[in-house]
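Student: I have a structure I would like to understand better, so I am pasting it below and will then ask my questions one at a time.
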Amino acid sequence: MNNLLARYAESIFWMARYMERAENLARILDVHETFSRDIHGFKNWHTIVKLNGDDRRFFERYDTASADNVLRFYVLDAQNPTSIVFAVRAARENARTLRPWISTEMWAQINLLHNKVQALEAKDIALPNLTHLCSEIKEACQTHSGITEGTFYRDEGWYFYLLGKFIERADQTTRLLDIGYFAIMGPVPDPRAAQDFIHWHALLRSLAGYHAFRRVYPRGMSPAAIAGFILYNESFPRSVALCVREINAVLTRLKSRYKLRGGSVAMERIDEILAALASRSIDRVIEDGLHEYLDWLQLRLSDVTSELSQSFFGQAPSEENQQQGV
Amino acid sequence: MTATEHRSDDLLARYDQAGFYDELFGGRDQPAPHTALIRKRLSALAFEDIHRRSEDAARELYNLGITFLVYSEQEAVDRILPFDVIPRVISAREWTHLEAGIVQRVTALNLFLRDIYHDRKIIRDGLIPEDLVIGNSNYRPQMIGLKVPFDTYIHIMGVDLVRDGAGTFRVLEDNGRVPSGVSYVVENRHMMQRVFPDLMQDLGIRLVDNYGQKLLQAVSEIAPGNLSEPRVVLLSPGSYNSAYFEHIFLAREMGVPLVEGRDLVVQDDRVYMKTTNGLAVVDSIYRRIGDDFLDPRAFNPDSLLGVPGILDAYRKGNVALANAIGTGVADDKAVYCYVPRMIKYYLGEEAIIPNVETHICREPDGLAYTLDNLEDLVVKPVGEAGGYGITLGPLASREELADCRAKLLADPSNYISQPMIPLSVCPTLTESGVEPRHVDLRPFAVTGRQTWVLPGGLTRVAMRKNTFIVNSSQGGGSKDTWVLEDTSP
């Protein structure tokens, strides 16, 4: 009888997504700072813009892809929907809508993070301070996860929280892999790059996956093994496969436990992604083009979001919709 | 000035109530024995200590988002309502008197509303001019002849009280539409419990925590049908409303969804809310949207906040609204003058809490008196809230008085005037020590089957020296209000 207000479901979903996004943006920027000191000696901050598909929007506002401009764009630029400031603000606006619903502790922590991020200045994103800033933001997002785990009432809303979190995480993992893989390998495959341990380690570390990877592959490492691990490993909490399985399980439970009529198309889309993940080896994927494959995954995940919006949030919808709403 | 300059053994030693009635010290020949222990405990606090705790409280209020939105030229800014940590204290005896007076007033206003939307006896009997009621912009013809549950129109009422120089409480204004401020009453208490547990210990302070439950009970009682658990929602204009925090607070305390107009839809004269599983019936609505914006089909067609068709659903008896539509005519500043007569008319009683003496400028005598005594009077527009448009005669410049006179002559029925009440003061923490600041009091009454009054209410305090204006929009703050339990044998 007590179904969740559609608008709350939407806000819960997006609050989770934006907090997850803020964390992953911090992870990407942190690792990219490492990559800016690569063995080839090229400092290409443009990669990150390109791989995020932000070229057009970026160059509308900035002349050159200097470290300073790129960092400003992804950390401080409140107009950029893929910036940390934007993500935190959007998470906070959704949390504000949800204040009757979420715990006071969740709200207070997001609000504090928001106040802190709002106060960031140019000096905070200078290269020497960047790692510090990134870990601060990452930790604040993890604190959010912990508070949420410990205080969020486990009803229908909780499932929408998990859906948002895992969809965003799967999406961000594909982006991080994309950026990392091509930043290391360079535009043209270079045999030396495959042996560039420092940067492969950095990529895994940015996903908190280095030790897990070592447990599965105690000896050696190859670009394919790393990409395969990040995409397919069934136990690694940030792998695409694990996230998509979680989405599947959450949707199933949500529908059965709360007898929701909608969501069948979203489940079909998830099945398609699962089938695709199961059917191709990583070597095949790399041969056919890793970047294209990751793009395809991102598009399918975005379809899932549209389906969820239509079924549960009562609108035809999209991220644009949400972004205008905040 | 730094805190250390105020080192003193007694925080209240140099306090001077400046001839006003004082909420902690009482008045001339009127000691306040009920506050003796509180004064003793306050005196023992070091200025540095109370100052630090006060800053902690302000920070915490901000971080918890206990804020209201202030619109400046370009953006909306979250502000906390300045919170003063020195409480305002009301004795058990004073409260018994106030409580009875508020119940009496709410009862009379509800009888008045029933009357003017049905028989209009009070008008026919000549107690109140017809055009003041029926011609009032807040009179809603849509309510004529409509029966409402328990004949209650005003379910949630805020009564603004002031205390004059003799210590007499008087009603300054009624708020019978969508009164706000109750969330601060509860949050101020929580804050005091966190920051000054030592001050409050064993005093026997009446609790304020159950407001949400009392409100839910009243709003549930009026739901149509005989539902054991009607679906209640709180309808808010949305997160850009300045009182949004309060909407959140009350929805949470009541355990009901906080909805906006866009979450509701009317089909076949029933109200539904949009859920993840389609539409769900709504039985009773605590609405924080004014009449004008409630139903664009019936009232202001430009409103995007309301719910098209909700008036029809209401008139068919398919949904309950609290407050009812059309209560604005009862809290009109001109109608206010007639409330003591209403009490006498409907209840056969004298008003327990008197009004402030008021001159109605729509009446020739009232206008003449007002114009003759402008420099001694407070002139208020009848339709404004939030302290806007008020002229304080004794403090006004020659130009301001001339301006006021011109406005009065141009549109006399838009104004009332009152003597300047020397509002009571309460010790208040300032940067330079504890000083007297003027306060008022807004108690809240909730009426379903019966009327219940929240012990205490919102004490608003003019944080600036020598000002009588306590409104939050004008830089006022608030204090915790302690109603003491009756400990007499």
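Read top to bottom, the protein sequences are chains A and B.
Heads up: the first sequence begins at 1 in the working numbering, then just goes up one per residue.
Heads up: the second sequence begins at 1 in the working numbering, then just goes up one per residue.
Every residue, glycine too, gets a C-beta built ideally from N, C-alpha and C.
Note that the structure is predicted; figures quoted are calculated from it, not measured.
Residue range of the alpha helix (DSSP H) that alanine 276 of chain A falls in?
Tutor: For the purposes of this step, residue 276 of chain A is taken as residue 276 along the first sequence, with counting starting at 1. Where alanine 276 of chain A is concerned, the enclosing alpha helix (DSSP H) stretches over 264-279.
Student: With distances taken from CA atoms, which of B:Asn355, B:Gln142, B:Gly238 and B:Tyr184 is nearest arginine 99 of chain A?
Tutor: What you label residue 99 of chain A is simply residue 99 of the first sequence in a count that begins at 1. Nearest of B:Asn355, B:Gln142, B:Gly238 and B:Tyr184 to arginine 99 of chain A, Cα basis: B:Gly238.
Student: Alpha carbon to alpha carbon, how far is asparagine 69 of chain A from tyrosine 62 of chain A? Give it in angstroms, no decimals.
Tutor: Taking the first residue of the first sequence as position 1, residue 62 of chain A is located at position 62. Taking the first residue of the first sequence as position 1, residue 69 of chain A is located at position 69. Cα-Cα distance, rounded: 7 Å.
Student: Does the region 306-319 of chain B come within contact of the region 256-273 of chain B, defined as at least 3 CB pairs closer than 8 Å?
Tutor: Touching, per the Cβ criterion.
Student: Could you tell me whether the region 142-159 of chain B touches the region 187-200 of chain B, using the rule of 3 or more Cβ pairs below 8 Å?
Tutor: No, the region 142-159 of chain B does not touch the region 187-200 of chain B.
Student: So what does DSSP say about aspartate 77 of chain A, is it helix, strand or coil?
Tutor: Numbered from its first residue, the first sequence carries residue 77 of chain A at position 77. Coil.
Student: Helix, strand or coil: how does DSSP classify glycine 26 of chain B here?
Tutor: Here residue 26 of chain B refers to the residue found at position 26 when the second sequence is read from its first residue. DSSP places glycine 26 of chain B in strand when its eight states are reduced to three.
Student: My understanding is that leucine 401 of chain B touches leucine 374 of chain B, with C-beta atoms under 8 Å, so please give their C-beta distance in whole angstroms.
Tutor: Within the second sequence, residue 401 of chain B is the residue found at index 401, counting from 1. Within the second sequence, residue 374 of chain B is the residue found at index 374, counting from 1. Contact flag correct, Cβ pair sits at about 6 Å.
Student: What's the C-alpha gap between proline 16 of chain A and threonine 305 of chain A?
Tutor: For the purposes of this step, residue 16 of chain A is taken as residue 16 along the first sequence, with counting starting at 1. For the purposes of this step, residue 305 of chain A is taken as residue 305 along the first sequence, with counting starting at 1. Reading the sequence as shown, one finds alanine at residue 16 of chain A and not proline. Spanning the two alpha carbons is a distance of roughly 13 Å.
Student: Would you mind stating whether glycine 433 of chain B and proline 443 of chain B have Cβ atoms separated by less than 8 Å?
Tutor: What you label residue 433 of chain B is simply residue 433 of the second sequence in a count that begins at 1. What you label residue 443 of chain B is simply residue 443 of the second sequence in a count that begins at 1. In this structure, proline 443 of chain B does not lie closer than 8 Å to glycine 433 of chain B by Cβ.
Student: Just how far apart, CA to CA, sit proline 223 of chain A and asparagine 115 of chain A?
Tutor: Here residue 223 of chain A corresponds to residue number 223 of the first sequence, with the count starting at 1. Here residue 115 of chain A corresponds to residue number 115 of the first sequence, with the count starting at 1. Their backbone Cα atoms lie some 40 Å apart in a straight line.
Student: By the criterion of Cβ-Cβ separation under 7 Å, what are the contact partners of leucine 258 of chain B in chain A?
Tutor: As a first step, residue 258 of chain B must be located in the second sequence, where it is residue number 258. Ordered by position in chain A, the residues that pass the 7 Å Cβ test against leucine 258 of chain B are Pro100.
Student: Report the CB separation of arginine 170 of chain B from asparagine 466 of chain B in whole angstroms; it is logged as a contact under 8 Å.
Tutor: As a first step, residue 170 of chain B must be located in the second sequence, where it is residue number 170. As a first step, residue 466 of chain B must be located in the second sequence, where it is residue number 466. With 8 Å as the limit, arginine 170 of chain B and asparagine 466 of chain B do not qualify as a contact, their Cβ atoms being about 21 Å apart.
Student: Among the candidates A:Val240, A:Asp271, A:Gly262 and A:Lys255, whose CA atom is the shortest distance from the CA of tyrosine 293 of chain A?
Tutor: On the first sequence, position 293 is the one that residue 293 of chain A refers to. Closest by alpha carbon: A:Val240.
Student: By Cβ distance, which residues of its chain are closer than 8 Å to histidine 260 of chain B, with the 5 residues on each side in sequence left out?
Tutor: Locating residue 260 of chain B in the second sequence gives position 260, where the first residue counts as 1. The residue asked about is misnamed: residue 260 of chain B is glutamate in this sequence, not histidine. Closer than 8 Å at Cβ, skipping near neighbours: Leu235, Ser236, Pro237, Gly238 and Leu305.
Student: Given this structure, state the Cα-to-Cα distance separating valine 89 of chain B from threonine 459 of chain B, to the nearest angstrom.
Tutor: As a working note, residue 89 of chain B is residue 89 in the second sequence. As a working note, residue 459 of chain B is residue 459 in the second sequence. Straight-line Cα distance between these residues: approximately 10 Å.
Student: Checking 8 Å against the spacing of the C-beta atoms, do leucine 251 of chain A and leucine 163 of chain A come in under that value?
Tutor: For the purposes of this step, residue 251 of chain A is taken as the residue at position 251 of the first sequence. For the purposes of this step, residue 163 of chain A is taken as the residue at position 163 of the first sequence. Cβ atoms of leucine 251 of chain A and leucine 163 of chain A: closer than 8 Å.
Student: So the beta strand (DSSP E) isoleucine 156 of chain B belongs to, where does it begin and stop?
Tutor: Translated into positions along the second sequence, residue 156 of chain B becomes position 156. Note, isoleucine 156 of chain B: beta strand (DSSP E), 156-163.
Student: Can you pull the chain B neighbours of glycine 314 of chain A, defined as C-beta to C-beta under 7 Å?
Tutor: The residue you call residue 314 of chain A lines up with position 314 of the first sequence. In chain order: Lys274.
Student: Which residue comes first and which comes last in the beta strand (DSSP E) that contains serine 478 of chain B?
Tutor: Position 478 of the second sequence, counted from the first residue, corresponds to residue 478 of chain B. Serine 478 of chain B -> beta strand (DSSP E) spans 476-483.
Student: Starting from asparagine 277 of chain B, trace the alpha helix (DSSP H) both ways and give me its first and last residue.
Tutor: Position 277 of the second sequence, counting from 1, holds the residue named residue 277 of chain B. That residue, asparagine 277 of chain B, is in no alpha helix (DSSP H); it is neither H nor E in DSSP.
Student: Assign asparagine 129 of chain A to one of two classes, buried (16 or more other C-beta atoms within 10 Å of its C-beta) or exposed (fewer than that).
Tutor: In the first sequence, counting from the first residue as 1, residue 129 of chain A sits at position 129. It is exposed - the Cβ of asparagine 129 of chain A has fewer than 16 other Cβ atoms within 10 Å.
Student: What are the residues in the region 242-262 of chain A lying within 8 Å of chain B by C-beta distance?
Tutor: Flagged, chain order: Tyr258, Lys259, Leu260, Arg261 and Gly262.
Student: Since I believe glycine 209 of chain A is in contact with leucine 229 of chain A (beta carbons under 8 Å), could you give me their beta-carbon distance rounded to a whole number of angstroms?
Tutor: The residue labelled residue 229 of chain A in the question sits at position 229 within the first sequence. The residue labelled residue 209 of chain A in the question sits at position 209 within the first sequence. According to the sequence shown, residue 229 of chain A is phenylalanine rather than leucine. The pair is a contact, with the Cβ atoms about 7 Å apart (cut-off 8 Å).
Student: Between serine 180 of chain B and glutamate 246 of chain B, which are expected to be in contact by the criterion C-beta below 8 Å, what is the C-beta distance as a whole number of angstroms?
Tutor: In the second sequence, residue 180 of chain B corresponds to position 180, counting from 1. In the second sequence, residue 246 of chain B corresponds to position 246, counting from 1. Right, their Cβ atoms sit about 5 Å apart.
Student: At a CB-CB cut-off below 7 Å, which residues of chain A make contact with isoleucine 248 of chain B?
Tutor: As a working note, residue 248 of chain B is residue 248 in the second sequence. In chain order: Arg99 and Pro100.
Student: For chain A, check one thing: does any of its Cβ atoms lie closer than 8 Å to the Cβ of glycine 19 of chain B?
Tutor: Taking the second sequence and counting its residues from 1, one reaches residue 19 of chain B at position 19. Not closer than 8 Å to any Cβ of chain A, the Cβ of glycine 19 of chain B fails to qualify, so no.
Student: Can you list, in chain order, the residues of its chain with a C-beta nearer than 7 Å to that of leucine 227 of chain B? Leave out the 5 residues immediately preceding and following it.
Tutor: Here the question's residue 227 of chain B lines up with position 227 in the second sequence. For leucine 227 of chain B, where only same-chain residues beyond five positions count, the Cβ hits under 7 Å are Asp283.
Student: Whole-angstrom Cβ separation of leucine 69 of chain B and tyrosine 240 of chain B, contact assumed at under 8 Å?
Tutor: Looking up residue 69 of chain B in the second sequence gives position 69. Looking up residue 240 of chain B in the second sequence gives position 240. That pair is a contact at about 7 Å.
Student: Do threonine 370 of chain B and leucine 408 of chain B come within 8 Å of each other at the CB atom, strictly closer than that value?
Tutor: Locating residue 408 of chain B in the second sequence gives position 408, where the first residue counts as 1. Locating residue 370 of chain B in the second sequence gives position 370, where the first residue counts as 1. Going by C-beta atoms, leucine 408 of chain B is nearer than 8 Å to threonine 370 of chain B.
Student: Alpha carbon to alpha carbon, how far is glutamine 118 of chain A from isoleucine 247 of chain A?
Tutor: Translated into the one-based positions of the first sequence, residue 118 of chain A becomes position 118. Translated into the one-based positions of the first sequence, residue 247 of chain A becomes position 247. Each residue's alpha carbon lies about 32 Å from the other.
Student: Report the rounded CA-to-CA distance for isoleucine 39 of chain A versus phenylalanine 197 of chain A, giving the unit in angstroms.
Tutor: One-based indexing of the first sequence puts residue 39 of chain A at position 39. One-based indexing of the first sequence puts residue 197 of chain A at position 197. Note on isoleucine 39 of chain A: pLDDT 48, under 50, position unreliable in the model; the coordinate value appears next. Looking at the two C-alpha atoms, the distance is approximately 11 Å.
Student: Spatial neighbours of leucine 279 of chain B within its chain, please: C-beta separation below 6 Å, excluding the five flanking residues on both sides.
Tutor: Residue numbering aside, residue 279 of chain B sits at position 279 when the second sequence is read from its first letter. Excluding sequence neighbours, leucine 279 of chain B sits near Tyr272.
Student: Starting from the C-beta of tyrosine 18 of chain A, find all residues in its chain whose C-beta is less than 6 Å away, skip the five residues before and the five after it, and write them out in chain order.
Tutor: As a working note, residue 18 of chain A is residue 18 in the first sequence. Within the same chain, tyrosine 18 of chain A has close Cβ partners Ala87, Ala90 and Ala91.
Student: Rounded to the nearest angstrom, what separates arginine 219 of chain A and serine 135 of chain A at their Cα positions?
Tutor: In the first sequence, counting from the first residue as 1, residue 219 of chain A sits at position 219. In the first sequence, counting from the first residue as 1, residue 135 of chain A sits at position 135. Roughly 29 Å between the two C-alpha positions.
Student: Against aspartate 263 of chain B, what residues of chain A qualify as contacts under a CB-to-CB distance less than 7 Å, listed in chain order?
Tutor: Here residue 263 of chain B refers to the residue found at position 263 of the second sequence. Under the 7 Å cutoff, chain A gives Leu5 and Arg7.
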